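A.B. asks: All letters in the sequence shown, in the order written, are residues 1 to 292 by full-length UniProt numbering.
Beta carbons: idealized from backbone N, C-alpha and C, even for Gly.
Because the structure is a prediction, the values reported are computed rather than measured.
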Amino acid sequence: EMESKVSEGGLNVTLTIRLLMHGKEVGSIIGKKGETVKKMREESGARINISEGNCPERIVTITGPTDAIFKAFAMIAYKFEEDITNSMSNSTATSKPPVTLRLVVPASQCGSLIGKGGSKIKEIRESTGAQVQVAGDMLPNSTERAVTISGTPDAIIQCVKQICVVMLESPPKGATIPYRPKPASTPVIFAGGQAYTIQGQYAIPHPDQLTKLHQLAMQQTPFTPLGQTTPAFPAPEQDAAFAMSTAAGKYWRPAALLLRAVTIFPCICPGLDASPPASTHELTIPNDVSTV
Numbered sequence: 001e002m003e004s005k006v007s008e009g010g011l012n013v014t015l016t017i018r019l020l021m022h023g024k025e026v027g028s029i030i031g032k033k034g035e036t037v038k039k040m041r042e043e044s045g046a047r048i049n050i051s052e053g054n055c056p057e058r059i060v061t062i063t064g065p066t067d068a069i070f071k072a073f074a075m076i077a078y079k080f081e082e083d084i085t086n087s088m089s090n091s092t093a094t095s096k097p098p099v100t101l102r103l104v105v106p107a108s109q110c111g112s113l114i115g116k117g118g119s120k121i122k123e124i125r126e127s128t129g130a131q132v133q134v135a136g137d138m139l140p141n142s143t144e145r146a147v148t149i150s151g152t153p154d155a156i157i158q159c160v161k162q163i164c165v166v167m168l169e170s171p172p173k174g175a176t177i178p179y180r181p182k183p184a185s186t187p188v189i190f191a192g193g194q195a196y197t198i199q200g201q202y203a204i205p206h207p208d209q210l211t212k213l214h215q216l217a218m219q220q221t222p223f224t225p226l227g228q229t230t231p232a233f234p235a236p237e238q239d240a241a242f243a244m245s246t247a248a249g250k251y252w253r254p255a256a257l258l259l260r261a262v263t264i265f266p267c268i269c270p271g272l273d274a275s276p277p278a279s280t281h282e283l284t285i286p287n288d289v290s291t292v
């Protein structure tokens, strides 16, 4: 009974479905000046939120009554199919790849989605024509798993409807730790006792932890190889680079790269002379040499 009501969009229950998307997919959903996502929100009646942050992956949260969720999913699936068609116009590929969506589902609900001996997931595959894969492992630092759905837009919509039925019939057990994608790593430079991250053409002051690490590095003494009474690398910049690699537990080469970054970008850091540096220091150390 619940299944027929959900399939017809007549069950007025508010649901939240989370999708995991790559940056390019998110860009397609947002559209130029946010026009695409605005249209999706208005026409579906669902709330569509996209996680913030400089991450390779983003979470797209769709909330609303079941019929609004299905409309939003339909619009997303057809938009992705349009993207595939457009990309194929410049390609030599002959077969059209399926539309693929990744749902993020609490692990406690995945057992119901798979069913005893895989019976439920088999039933969903056969009745919708969509491919459904439930990840064996939980997403990092969470109690959620990725559920990948592939197929035509119509198959995906029917598949999402059936997954919603399972989620309504089997609510999550216990607390769910949601998956949060990790930010992309950004270059870090050190100048004037302060850490900065490079964002576009600007250097933005970084939180205190890295600044403290840099200050600690400046206080360290460079390693003196056996048989020498003076440090092998007397230049202050090189000392700092070595100490940074010691404090961070890294190999020499990244420290050398950091040193070069400080030399290349001093003009964009506050309080530094904008004139080019008089000299450059670069360490060339084999990769197999590591700190002790």
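1. Looking only at its chain, what residues have a beta carbon closer than 8 Å to the beta carbon of residue 98, apart from the 5 residues adjacent to it on each side?
2. Are at least three pairs of beta-carbons, each pair with one atom in the region 103-115 and one in the region 73-82, less than 8 Å apart?
3. What whole-angstrom Cβ distance do residue 133 and residue 148 have, given they're in contact under 8 Å?
4. Hey, out of 69, 27, 22, whose CA is closest to residue 156's CA?
5. Please classify residue 107 as buried or exposed, where buried requires at least 16 neighbouring CB atoms within 10 angstroms.
6. Can you give me the start and stop residues for the beta strand (DSSP E) that residue 171 sits inside?
7. Applying the criterion that 16 or more other CB atoms from any shown protein chain within 10 Å of the CB defines a buried residue, is residue 117 buried or exposed?
8. Would DSSP call residue 149 helix, strand or coil?
9. Do residue 368 and residue 48 have their C-beta atoms closer together than 8 Å?
10. Hey, quick one: how far does the beta strand (DSSP E) through residue 113 stretch, first residue to last?
11. Who are the near neighbours of residue 20 in its chain, counting only those whose CB is closer than 7 Å to its CB and skipping five residues on each side?
12. From the DSSP output, read off the bridge partner residues of residue 21.
13. From the DSSP output, which residues share a beta bridge with residue 132?
14. Buried or exposed for residue 44, going by 16 or more other Cβ atoms inside 10 Å?
15. Return the first residue and the last residue of the beta strand (DSSP E) that residue 50 is part of.
16. Taking the Cβ atom as the reference point for each residue, do residue 62 and residue 17 lie within a distance shorter than 8 Å?
17. Indicate the three-state DSSP secondary structure (helix, strand or coil) for residue 179 in the structure shown.
18. Can you give me the C-alpha to C-alpha distance between residue 81 and residue 160, rounded to a whole angstrom?
19. Please state whether DSSP places residue 40 in a helix, a strand or coil.
20. Find the nearest neighbour of residue 177 within the set 194, 196, 189, 139, judged by alpha-carbon distance.
21. Within a Cβ cutoff of 6 Å, which residues of the same chain sit near residue 181, ignoring the five residues on either side of it in sequence?
22. For the alpha helix (DSSP H) holding residue 142, just list the boundary residues, first then last.
C.D. replies: For this structure:
1. So the qualifying residues of the chain are 131, 150, 151, 152.
2. Not touching, per the Cβ criterion.
3. About 4 Å separates the Cβ atoms of residue 133 and residue 148, confirming a contact at the 8 Å cut-off.
4. Measuring from the Cα of residue 156, the nearest candidate turns out to be 69.
5. Buried is the label assigned to residue 107, since at least 16 other Cβ atoms lie within 10 Å of its Cβ.
6. For residue 171, no beta strand (DSSP E) segment is defined, and its DSSP state is neither H nor E.
7. Taking all protein chains shown into account, residue 117 has fewer than 16 neighbouring C-beta atoms within 10 Å of its C-beta and is therefore exposed.
8. Residue 149 falls in the strand class under three-state DSSP.
9. Nothing about residue 368 can be reported from this structure: the residues present for the chain run from 1 to 292 only.
10. Note, residue 113: premise wrong, no beta strand (DSSP E); alpha helix (DSSP H) at 107-114.
11. Result list for residue 20: 57, 59, 102, 104, 146, in chain order.
12. 58, per the DSSP bridge assignment.
13. DSSP output for residue 132 lists 149 as bridge partner(s).
14. Buried is the call here.
15. First-last of the beta strand (DSSP E) with residue 50: 47-50.
16. Contact: yes.
17. For residue 179, the three-state secondary structure derived from DSSP is coil.
18. Taking C-alpha positions only, residue 81 is separated from residue 160 by approximately 16 Å.
19. Residue state, collapsed to three classes: helix.
20. Nearest to residue 177 by C-alpha distance, out of 194, 196, 189, 139, is 139.
21. Closer than 6 Å at Cβ, skipping near neighbours: 55, 57.
22. For residue 142, there is no enclosing alpha helix (DSSP H), since its DSSP letter is neither H nor E.
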